[in-house]
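Scroll down for the structure; my scribbles are underneath it.
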Amino acid sequence: MPERLLNPWLVEFGTTIFAEMSALATATGAINLGQGFPDTDGPAEVADAAVAAIRAGHNQYPPGLGIADLRLAVAEHQERFYGLEFDPDTEVLITAGATEAIAGAMLSLLVPGDEVVLFEPYYDSHVAGIAMARAERRLVTLRPPHYRFDPDELAAAIGPRTRMMVVNSPHNPTGKVFDRQELEFIAELCRRHDLLVVTDEVYEHLAYDGTHIPLATLPGMRERTITVSSAGKTFSFTGWKVGWVCAPAELRAAVTAAKQFLTYVNGAPFQHAVAVGLRLGDDYFDGLRAGLRARRDQLTDGLAAAGFEPYRPAGTYFVTADVRPLGFDDGMALCRRLPELCGVVAVPNVVFYDNEHEGRHLVRFAFCKRPEVLEEAVARLSKLGDRR
Ligand code: GLN
Numbered sequence: 120m121p122e123r124l125l126n127p128w129l130v131e132f133g134t135t136i137f138a139e140m141s142a143l144a145t146a147t148g149a150i151n152l153g154q155g156f157p158d159t160d161g162p163a164e165v166a167d168a169a170v171a172a173i174r175a176g177h178n179q180y181p182p183g184l185g186i187a188d189l190r191l192a193v194a195e196h197q198e199r200f201y202g203l204e205f206d207p208d209t210e211v212l213i214t215a216g217a218t219e220a221i222a223g224a225m226l227s228l229l230v231p232g233d234e235v236v237l238f239e240p241y242y243d244s245h246v247a248g249i250a251m252a253r254a255e256r257r258l259v260t261l262r263p264p265h266y267r268f269d270p271d272e273l274a275a276a277i278g279p280r281t282r283m284m285v286v287n288s289p290h291n292p293t294g295k296v297f298d299r300q301e302l303e304f305i306a307e308l309c310r311r312h313d314l315l316v317v318t319d320e321v322y323e324h325l326a327y328d329g330t331h332i333p334l335a336t337l338p339g340m341r342e343r344t345i346t347v348s349s350a351g352k353t354f355s356f357t358g359w360k361v362g363w364v365c366a367p368a369e370l371r372a373a374v375t376a377a378k379q380f381l382t383y384v385n386g387a388p389f390q391h392a393v394a395v396g397l398r399l400g401d402d403y404f405d406g407l408r409a410g411l412r413a414r415r416d417q418l419t420d421g422l423a424a425a426g427f428e429p430y431r432p433a434g435t436y437f438v439t440a441d442v443r444p445l446g447f448d449d450g451m452a453l454c455r456r457l458p459e460l461c462g463v464v465a466v467p468n469v470v471f472y473d474n475e476h477e478g479r480h481l482v483r484f485a486f487c488k489r490p491e492v493l494e495e496a497v498a499r500l501s502k503l504g505d506r507r
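Those letters in the sequence shown? Residues 120 to 507, by the numbering used here.
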């Protein structure tokens, strides 16, 4: 066996925290509030459309760009919700989830030595994508309770080698929804320094306080932005792995150049079904948001009553809590013991930071679960104070 196995650029990533914590939940039978996935299926008409597509024989490779009807449905969705116009033939690309879209954007648009500015805590695949492109990250820390950034710090993070910014809103893991003023400040820096932007908008329909504003809607931004989203969170089918890119033709072509050698294509029958989902009426999108808002409040209030200090998220289906009021100070150690202490799994936010002291005492819980599951989880977590 050769001595060097794993490519050194990937060594720091190990196994994702989501895989580790879901395996822990399976092994212990604990309630899994770690990895973010709903415990109920999405809309029946969307599931039925997938079954019908399989039965109708849509089971071979779809076109490299994704099926035409889904590209059209994505373009219609961007117009309907945000007034953004994209040409489905030249400006939309279907991907294997947002993760492939992001990796494809990094691999096609960055060269070794380029710098990418993004916020910390970060979603793990964003920094892994930067590393796989042999580029370097420059981080700006978002701090609770409001997770606002320091404008001077952001401006100072941009240097002569900066090529790209990554903006994830609504933001995983914090649940922050960037407001117009923050986005305008980001946009102004991107225009001034002529930067590309990759946005991750997979929680776009899960903004409870404030509204989701795609960065591409701001002046001068559409031409430099690779807008990324996906079906997983919006339709509660996270295992289908259907995502998309909306970007000007040149940028879409660049991302396609990498994407075609990552998965090539995926999910033919699911692509048909997601087109049905994207065309559901407003009542569906409003109902999804209202249901999750209620569960956000249930879990946030429950965590507070259990002695944590939770930061009520404006969006996503995650809530972050400080564990220090309960007498713990190491979120990673606590998450590893949590199943044995009280039969619940969560994710330690420290893995989303380079500056580990910033996130050491923070833990993330997912609330995309049935109310009775959240109720039981809160009951179990309430006993934690007595058990340390
Ligand atoms: N997006 C999911 C989360 O944040 C995890 C997806 C994954 O396991 N990679 O929990």
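Each residue gets a CB set at the ideal place from its N, CA and C atoms; glycine is no exception. Everything numeric in this text was worked out from a predicted model, so none of it was measured.
{"Asked": "C-alpha distance - K352 paired with H476, whole-angstrom precision", "Found": "30 angstroms"}
{"Asked": "Beta-bridge pairing of E255 - partner residues as DSSP gives them", "Found": "E234"}
{"Asked": "Three-state secondary structure assigned by DSSP to N468", "Found": "helix"}
{"Asked": "Under 9 angstroms between C-beta atoms of E234 and R282", "Found": "yes"}
{"Asked": "Burial state of P182 (16 or more Cβ within 10 Å)", "Found": "exposed"}
{"Asked": "Distance cut 6 angstroms, beta-carbon to the ligand GLN heavy atom: residue list by chain order", "Found": "T135, F137, Q154, G155 and N291"}
{"Asked": "Burial state of A424 (16 or more Cβ within 10 Å)", "Found": "exposed"}
{"Asked": "Inter-residue Cα distance where the pair is L143 and R455", "Found": "8 angstroms"}
{"Asked": "Among E428, L237, F447 and P444, the one whose alpha carbon lies nearest that of V438", "Found": "E428"}
{"Asked": "Cβ pair F137, G148 closer than 9 angstroms", "Found": "no"}
{"Asked": "Segment contact flag, the region 226-233 with the region 371-384, C-beta cutoff 8 angstroms, min 3 pairs", "Found": "yes"}
{"Asked": "Ranges of the beta strand (DSSP E) found wholly within the region 400-464, counting only runs of at least 3", "Found": "428-430 and 437-441"}
{"Asked": "Test item: CB-CB of H290 and F205 under 9 angstroms", "Found": "no"}
{"Asked": "For P333 and Q417, believed in contact at Cβ under 8 angstroms, the rounded distance", "Found": "About 29 angstroms; that fails the 8 angstroms criterion."}
{"Asked": "Exposure of L189, with buried meaning 16 or more beta-carbon neighbours within 10 Å", "Found": "buried"}
{"Asked": "Of the listed residues V170, T318 and H331, nearest to R408 (C-alpha basis)", "Found": "H331"}
{"Asked": "Local conformation of V165 per DSSP, three classes", "Found": "helix"}
{"Asked": "Beta-carbon proximity check, S349 vs G358, cutoff 9 angstroms", "Found": "no"}
{"Asked": "Cβ neighbours of V384 in the same chain (closer than 7 angstroms, five flanking residues each side left out)", "Found": "Y180, P181 and G183"}
{"Asked": "Segment contact, 8 angstroms Cβ cut-off, at least three pairs: the region 299-314 with the region 251-260", "Found": "no"}
{"Asked": "Environment of G421 [buried if 16+ CB atoms lie within 10 Å]", "Found": "buried"}
{"Asked": "Short Cβ contact (9 angstroms threshold) for A335 with L203", "Found": "yes"}
{"Asked": "Residue closest to A254, alpha-carbon to alpha-carbon, out of A275, A368, L273 and A222", "Found": "A222"}
{"Asked": "Residues of its chain near V303, where Cβ-Cβ distance is below 7 angstroms and the 5 sequence neighbours each way are ignored", "Found": "Here residue 303 turns out to be Glu, not Val, going by the sequence shown. The residues are L337."}
{"Asked": "Rounded C-alpha distance that separates R483 from T346", "Found": "26 angstroms"}
{"Asked": "Whole beta strand (DSSP E) elements within the region 149-234, 3-residue minimum", "Found": "211-214"}
{"Asked": "Nearest candidate by alpha-carbon position, reference A172, set A387, P157 and I249", "Found": "A387"}
{"Asked": "Buried versus exposed, by CB contacts within 10 Å (16 or more), V246", "Found": "buried"}
{"Asked": "Helix, strand or coil at T344 according to DSSP, with G and I counted as helix", "Found": "strand"}
{"Asked": "Selected residue, minimal CA-CA separation from R199, among A274, D505 and D401", "Found": "D401"}
{"Asked": "9 angstroms Cβ cutoff met for A256 and D473", "Found": "First, the amino acid is wrong: residue 256 is Arg here, not Ala. Contact flag set, yes."}
{"Asked": "Beta-bridge partners of R267, as assigned by DSSP", "Found": "R262"}
{"Asked": "Sheet register partners of C487 (DSSP bridge)", "Found": "Partner(s): none; C487 has no beta bridge."}
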